[in-house]
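Everything on this sheet refers to the single structure shown next.
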Amino acid sequence: MFCESDVLMLDEPTRGIDVGAKYDVYKIINRMADEGKAVLVISSELPELLGICDRIYIMSEGQIKGEMLVGEATQESIMRLLV
1 MFCESDVLML DEPTRGIDVG AKYDVYKIIN RMADEGKAVL VISSELPELL GICDRIYIMS
61 EGQIKGEMLV GEATQESIMR LLV
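FYI, in UniProt numbering the residues of the sequence shown are 1 to 83.
Structural data, given as structure tokens:
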């Protein structure tokens, strides 16, 4: 269905599912990225984002407050952008 698209936007893709199902979702996201697809993941779970993303955009009140590579992102650095 959506696998033919070059861009996929997922809003809280693992909310409300068990750990095993989360792992399956992560595998699908990684496979699609490996195929050259752009995968945008919207999530409030920082550990999840750090595990599957290359780059993180921080948004608050409808505005982009910052951008960072996963290697630079910490809870503290993200909170500084939100204050």
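By construction, the Cβ of each residue, glycine as well, lies at the ideal position given by its N, Cα and C atoms.
Exercise. How many Å lie between Ser60 and Gly66 at the Cα?
Worked result: 10 Å
* Asked: Where are the beta strand (DSSP E) runs, 3 residues long or more, that stay fully inside the segment 5–36, in chain order?
  -> 7–11
- Item | Presumed contact (8 Å Cβ cut-off) between Ala38 and Asp18, rounded CB distance | That belief does not hold up - the Cβ atoms of Ala38 and Asp18 are roughly 28 Å apart, past 8 Å.
Note to self: Measuring only the C-alpha atoms, how far is Met58 from Leu69?
What the structure shows: Reading the sequence as shown, one finds Ile at residue 58 and not Met. Distance between the alpha carbons of Ile58 and Leu69: 11 Å.
Using the rule of at least 16 other Cβ atoms within 10 Å of the residue's Cβ for burial, across every protein chain shown, is Val41 buried or exposed? buried
Check: Is it buried or exposed for Thr74, if we count other Cβ within 10 angstroms and need 16 for buried?
Finding: If you draw a 10 Å sphere on the C-beta of Thr74, you find fewer than 16 other C-beta atoms in it, and that means exposed.
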